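Enquirer:
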Amino acid sequence: MVSNLEKEFDADRGSEYPDQQGPGKSFLDSIEGLAARLKAGSSGAIAPAKSDLADFSSDDFPEIETTDKTARKITELQSIIASIESRPQIQHEITLDRNYRINYKGELNRAQLEAVTSINGPVLVIAGAGSGKTRVIVYRVAFMMENGINPEDMLLLTFTRKAAGEMLGRVQQLLKDNSAQKVFGGTFHAFANFVLRKYSNLINIPPDFTIIDEEDSADTIDLIRSELKTEKTEKAFPRKNRIQEIISSARN
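As numbered in my numbering, the sequence shown has no gaps in its residue numbers, which increase by one up to the final residue, 252.
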C-alpha cells in the first residue's frame, strides 16, 4: 500500500530542480538534490537525484587531495589502529549469581545494571541528566574489581580532580577496599601531562617542560611581539590573541 506522502514524493521527484523545496518535498530530498548537483560539478548541470542516501558511496565523489606527509600520517595511524584492534582481549566470565560484596541487582535499575556489568570490550553509554551516570561509573569500577581486574590497570578520567577523587572514594566505601585508590583517577589534562612526561623521549621533548595557561601564553606572545618591534612595520601585525588562535589551529 502506497501512502499519500509517498505518492507526493514520487510525483515531485521529477522536478527540474531536485534541491528546491515544494509541496510534498522533504528535507531529505533537498539534501539528495544538493549532493547530486555537487557531484555534477556545476550549478547548471543537475545529476539525477538518488532516492535513498544508502545508495551513495565514497566513490560518488572525488577524493580530497592530500600531501605525501598527510598520507604517511594516515597510513601510520591506520597501522596503529589495526595493531590495537588485533590484540586478543581478555574475556571475563560474568555472572550475577555469585556472591558479590555489593548487591548490584538490588541497587541498580535495569539500564544501569547492563552498563555496569558489560565489561568485555568497549562500551558507549549515552544518558541524560539525572539518569545516574556517576553512579554507573562508581559501580562499574567496583564490579570490575570484584571480577578480578587489577585496579592498577584501570583509568578513570573526569573533568575535575575532585570528581575523580569522590568517585574512587565511593568505590572504596562500597567495597571496603583501599586498593580502589590504586586506580589512576584524574582529569584528562592531568593524564595527558603524565603520558607526555613519561614518554617525552619518544617525541623529542624534555620531560621537565612547563605548561602555561591561555592567559600566560597570550602574554608570552605579546612579549615576543614587543621584542620584534612589530608595531613599527608598515603592515598591521596580528594581535596576541589572534596569533594565539593561529598557533592553536596550526598545532591541532
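C-beta: ideal position from N, C-alpha, C; glycine also.
Just so you know, these numbers come straight off a predicted model, no measurement behind them.
For residue 105, I'd like the list of residues in its chain whose CB is within less than 8 angstroms of its CB, leaving aside the five on either flank, ordered along the chain.
Expert: Position 105 of the sequence shown, counted from the first residue, corresponds to residue 105. Cβ neighbours of residue 105 beyond the five flanking positions: 96, 113.
Enquirer: Exposed or buried, which one is residue 21 when buried takes at least 16 other CB atoms within 10 Å?
Expert: Stepping through the sequence shown from its first residue, residue 21 is reached at position 21. Because residue 21 carries a pLDDT of 42, less than 50, the predicted location of this residue cannot be relied on, and the following value inherits that uncertainty. So residue 21 counts as exposed.
Enquirer: Compare the beta carbon distance of residue 264 and residue 108 with 9 angstroms and say whether it is the shorter of the two.
Expert: Absent from the structure is residue 264, since the part of the chain shown begins at 1 and ends at 252.
Enquirer: Starting from the N-terminal side, write out each stretch of the alpha helix (DSSP H) that is 4 residues or longer and does not extend beyond the region 68-153.
Expert: 68-85, 104-107, 110-117, 133-146
Enquirer: Three Cβ pairs or more, each shorter than 8 angstroms: is that satisfied between the region 136-149 and the region 114-128?
Expert: yes
Enquirer: For residue 74, count neighbouring Cβ atoms within 10 angstroms of its own Cβ and tell me buried if that reaches 16, exposed if not.
Expert: The count along the sequence shown starts at 1 and reaches residue 74 at position 74. Answer is exposed; the Cβ neighbour count stays below 16.
Enquirer: I'd like to confirm the pairing. Which residues does DSSP put opposite residue 156 in its beta bridges?
Expert: Here the question's residue 156 lines up with position 156 in the sequence shown. DSSP lists 185 as partners of residue 156.
Enquirer: Buried or exposed: where does residue 156 fall if 16 or more other Cβ atoms within 10 Å of its Cβ makes it buried?
Expert: Taking the first residue of the sequence shown as 1, we reach residue 156 at position 156. With 16 or more other Cβ atoms within 10 Å, it is buried.
Enquirer: In this structure, how does DSSP classify residue 237 when only helix, strand and coil are distinguished?
Expert: Start at 1 with the first residue of the sequence shown, and residue 237 comes out as number 237. In the structure shown, residue 237 sits in coil (DSSP, three-state: anything other than H, G, I, E or B).
Enquirer: Could you name the residues of the same chain whose beta carbon sits closer than 6 angstroms to that of residue 125, not counting the 5 residues immediately before and after it, in chain order?
Expert: One-based indexing of the sequence shown puts residue 125 at position 125. Around residue 125: 115.
Enquirer: Would you give the residue range spanned by the alpha helix (DSSP H) that residue 218 belongs to?
Expert: Translated into positions along the sequence shown, residue 218 becomes position 218. Unbroken alpha helix (DSSP H) run through residue 218: 214-228.
Enquirer: If we ignore side chains and look at the alpha-carbon of each, how far apart do residue 237 and residue 111 end up?
Expert: The residue labelled residue 237 in the question sits at position 237 within the sequence shown. The residue labelled residue 111 in the question sits at position 111 within the sequence shown. Taking the straight line from one Cα to the other gives about 56 angstroms.
Enquirer: Find the nearest neighbour of residue 182 within the set 167, 189, 208, 250, judged by alpha-carbon distance.
Expert: Reading the sequence shown from its first residue, position 182 is the one you call residue 182. Selected option, being the one with the closest Cα: 167.
Enquirer: Measure the C-alpha to C-alpha separation of residue 85 and residue 158 and round it to an integer number of angstroms.
Expert: Locating residue 85 in the sequence shown gives position 85, counting from the first residue. Locating residue 158 in the sequence shown gives position 158, counting from the first residue. Each residue's Cα considered, the two are about 25 angstroms apart.
Enquirer: Since residue 225 and residue 240 are thought to touch, with beta carbons under 8 angstroms apart, how far apart are those beta carbons, to the nearest angstrom?
Expert: Indexing the sequence shown from 1 puts residue 225 at position 225. Indexing the sequence shown from 1 puts residue 240 at position 240. Going by Cβ atoms, the distance from residue 225 to residue 240 rounds to 6 angstroms, so yes, they are a contact pair.
Enquirer: How many angstroms separate the CA atom of residue 223 from the CA atom of residue 245?
Expert: Stepping through the sequence shown from its first residue, residue 223 is reached at position 223. Stepping through the sequence shown from its first residue, residue 245 is reached at position 245. Using only the alpha carbons, I get a separation of about 16 angstroms.
Enquirer: Exposed or buried, which one is residue 171 when buried takes at least 16 other CB atoms within 10 Å?
Expert: Numbered from its first residue, the sequence shown carries residue 171 at position 171. Residue 171 is classed as buried because its beta carbon has at least 16 other beta carbons within 10 Å across all chains shown.
Enquirer: So, for residue 187: in the same chain, excluding its five sequence neighbours on each side, which residues have a beta-carbon less than 6 angstroms away from its beta-carbon?
Expert: As a first step, residue 187 must be located in the sequence shown, where it is residue number 187. Answer for residue 187: 161, listed in chain order.
Enquirer: Find the nearest neighbour of residue 177 within the set 228, 151, 194, 195, judged by alpha-carbon distance.
Expert: Within the sequence shown, the letter at position 177 stands for residue 177. Of the listed residues, the one whose Cα sits closest to residue 177 is 151.
Enquirer: Hey, residue 202 and residue 101 are a contact pair by Cβ (cut 8 angstroms); roughly how many whole angstroms apart?
Expert: Taking the sequence shown and counting its residues from 1, one reaches residue 202 at position 202. Taking the sequence shown and counting its residues from 1, one reaches residue 101 at position 101. Not quite, the Cβ-Cβ distance comes to about 41 angstroms (not below 8 angstroms), so this is no contact.
Enquirer: So, under 8 angstroms CB-CB, residue 243 and residue 211 are touching, yes? Tell me the CB distance rounded to an integer number of Å.
Expert: By 1-based counting over the sequence shown, the position of residue 243 is 243. By 1-based counting over the sequence shown, the position of residue 211 is 211. With a Cβ gap of about 19 angstroms, residue 243 and residue 211 do not count as contacting.
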